[in-house]
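Here the structure comes first, spelled out in structure tokens, and everything after it is commentary.
Residue numbers (the UniProt record's numbering): 1 to 478.
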């Protein structure tokens with residue numbers, strides 16, 4: 001065992017897991033040795049625990065401690081054990097139990113920390129979540145998974161958390177879950193998951209305060225980055241003061257999602273300077289529980305969304321704000337802004353509430369929506385899941401659809417139909433459709449109906465004047 005200078009945790013001391021008996025042959029379960037190294041480092045007041053380069057360390061549950069940095073050297077792999085029985089740490093989550101106590105067994109956890117201060121995961125090595133070991137059947141677009149599979153990283157009630165540079169791949173369930181944490185930095189990590197594996201969210205920010213996510217690359221089948229307040233985390237208060245910047249995201253669900261779980265308020269969140277590509281939904285607020293979301297801003301974002309198999313939630317919406325009942329009544333949202341959004345999508349923007357009074361203070365400014373069709377999947381419906389009754393419903397496609405919301409501002413927005421008029425799908429309709437909206441202000445809106453017989457802007461079933469060309473503007477082609 002060695003002591004080499006000061007670690008970035010601010011404490012002295014570096015230990016290597018092989019000094020505590022870790023084998024690193026990819027076969028032996030090294031959990032006991034890795035945990036011994038972490039505990040020894042913590043016992044000395046903190047420091048760095050090194051996973052050495054060029055080897056694969058197979059492990060069951062690992063629990064991080066305060067003032068300890070888990071550091072993966074280049075080429076090091078820390079791999080989740082394929083046997084579910086190898087995990088000593090378990091967490092119950094409402095996502096699998098539908099918030100019904102006792103309905104689902106607690107899920108195993110690979111890397112965890114609870115009640116810790118100044119805990120870090122760093123280095124350019126790889127954390128392998130082992131999702132492939134829990135696949136029961138390949139159904140083509142999606143896998144059937146084992147009922148119990150491990151969270152890759154699950155940190156609860158921790159403060160001053162830092163996760164930087166690592167690659168996390170092949171998560172079996174949620175990749176990085178932060179619940180009830182404060183003062184968190186997640187920077188320059190890569191998440192590379194199997195795009196057929198359900199419920200493998202990239203980063204879940206659950207009931208946390210002061211979280212900064214920056215310069216990350218995320219490719220995952222479920223939500224790329226999700227802000228939520230789960231019922232089991234309600235004791236930690238609100239989810240607030242969150243920033244997401246400079247990230248590139250691919251998802252078969254939502255690139256960035258707020259909800260669906262809203263057991264307590266979510267507020268003061270900024271998402272900026274991101275690129276979302278080849279995703280099902282782009283920017284989503286799923287207000288399906290009786291909580292409130294307020295003061296959320298999305299700005300300077302490029303979005304590309306497309307249709308996927310209907311077993312994945314979503315239907316190609318670049319922007320999606322929906323309030324509807326799932327568990328109890330629908331949620332509320334106020335002061336939501338989308339500014340400088342460039343979208344190419346197979347569906348239009350949807351801002352809709354099941355009941356009036358739930359969504360207010362929505363601003364769309366500098367939003368350009370270019371609707372194209374290229375996936376081969378049919379359009380012409382909305383996906384409202386997890387709505388308990390009306391999940392996937394037939395509906396015409398507008399460039400922007402507003403329904404039962406209030407205090408809406410549309411400024412300098414544009415809808416473009418990419419395909420030539422004679423080959424456009426029949427479900428494509430108005431550039432802007434408005435239904436039962438109060439206090440609506442529109443300025444500098446451009447865009448026409450998709451077909452010659454269609455109006456550009458339709459308000460409560462009636463065509464109104466627009467600055468866009470009468471037969472729809474086509475995209476510029478080089």
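The C-beta atom is built at its ideal place from N, Cα and C for all residues, glycine as well.
Three-state secondary structure (DSSP) of residue i
i, result
"residue 84", "helix"
"residue 231", "helix"
"residue 422", "helix"
"residue 373", "coil"
"residue 67", "coil"
"residue 282", "strand"
"residue 57", "strand"
"residue 395", "coil"
"residue 387", "coil"
"residue 461", "coil"
"residue 131", "helix"
"residue 18", "helix"
"residue 72", "strand"
"residue 79", "strand"
"residue 165", "coil"
"residue 453", "coil"
"residue 340", "strand"
"residue 366", "strand"
"residue 221", "coil"
"residue 268", "strand"
"residue 92", "coil"
Extent of the continuous alpha helix (DSSP H) to which residue i belongs
i, result
"residue 43", "31-43"
Residue i versus residue j: straight-line alpha-carbon distance, rounded
i, j, result
"residue 59", "residue 263", "34 Å"
"residue 89", "residue 25", "23 Å"
"residue 384", "residue 318", "15 Å"
"residue 347", "residue 152", "33 Å"
"residue 437", "residue 405", "5 Å"
"residue 453", "residue 426", "12 Å"
"residue 237", "residue 451", "50 Å"
"residue 216", "residue 224", "10 Å"
"residue 254", "residue 284", "6 Å"
"residue 81", "residue 306", "35 Å"
"residue 392", "residue 288", "15 Å"
"residue 232", "residue 180", "10 Å"
"residue 98", "residue 265", "Unreliable placement is indicated for residue 98, whose pLDDT of 48 sits below 50; the coordinate value is still reported in the next sentence. Rounded to whole angstroms, residue 98 to residue 265 spans 19 Å at the Cα level."
"residue 145", "residue 21", "34 Å"
"residue 465", "residue 333", "29 Å"
Continuous beta strand (DSSP E) stretch holding residue i: start and end
i, result
"residue 236", "Note, residue 236: premise wrong, no beta strand (DSSP E); not H, not E."
"residue 170", "From DSSP, residue 170 is part of no beta strand (DSSP E); its letter is neither H nor E."
"residue 382", "381-383"
"residue 120", "117-123"
"residue 432", "432-435"
"residue 292", "292-305"
"residue 403", "400-403"
"residue 324", "Element bounds for residue 324: n/a, residue is neither H nor E."
"residue 413", "406-417"
"residue 439", "438-446"
"residue 347", "Segment: none, residue 347 is in no beta strand (DSSP E) and carries neither H nor E."
"residue 204", "203-206"
"residue 213", "209-214"
"residue 114", "107-114"
"residue 187", "182-187"
"residue 192", "190-192"
"residue 199", "Run containing residue 199: none; DSSP gives neither H nor E here."
"residue 151", "151-156"
"residue 259", "254-262"
"residue 250", "248-251"
Of the residues the options, the one placed nearest residue i, counting alpha carbons only
i, options, result
"residue 448", "440, 40, 431, 214", "431"
"residue 76", "352, 301, 261, 168", "168"
"residue 414", "342, 452, 301, 145", "342"
"residue 220", "78, 211, 192", "192"
"residue 34", "210, 297, 50", "50"
"residue 64", "79, 36, 82", "36"
"residue 269", "370, 106, 259", "259"
"residue 373", "315, 386, 334, 325", "315"
"residue 164", "412, 119, 171, 110", "119"
"residue 212", "196, 239, 232", "239"
"residue 455", "439, 176, 434", "434"
"residue 369", "362, 358, 349", "349"
"residue 92", "412, 147, 62, 266", "147"
"residue 365", "330, 340, 144", "340"
"residue 116", "360, 137, 139, 66", "66"
Min CB distance residue i to chain B below 8 Å
i, result
"residue 76", "This model lacks chain B altogether; it includes just one protein chain."
Q) Can we say the segment 116-123 touches the segment 131-138, given the rule of at least three CB pairs closer than 8 Å? A) The segment 116-123 makes no contact with the segment 131-138, as fewer than three CB pairs between them are under 8 Å.
Q | the segment 194-210 / the segment 219-231 touching (three or more Cβ pairs under 8 Å) | A | With a cut-off of 8 Å, the segment 219-231 and the segment 194-210 count as touching, because enough Cβ pairs lie within range.
Q) Does the segment 302-316 come within contact of the segment 272-284, defined as at least 3 CB pairs closer than 8 Å? A) Verdict: yes, contact present.
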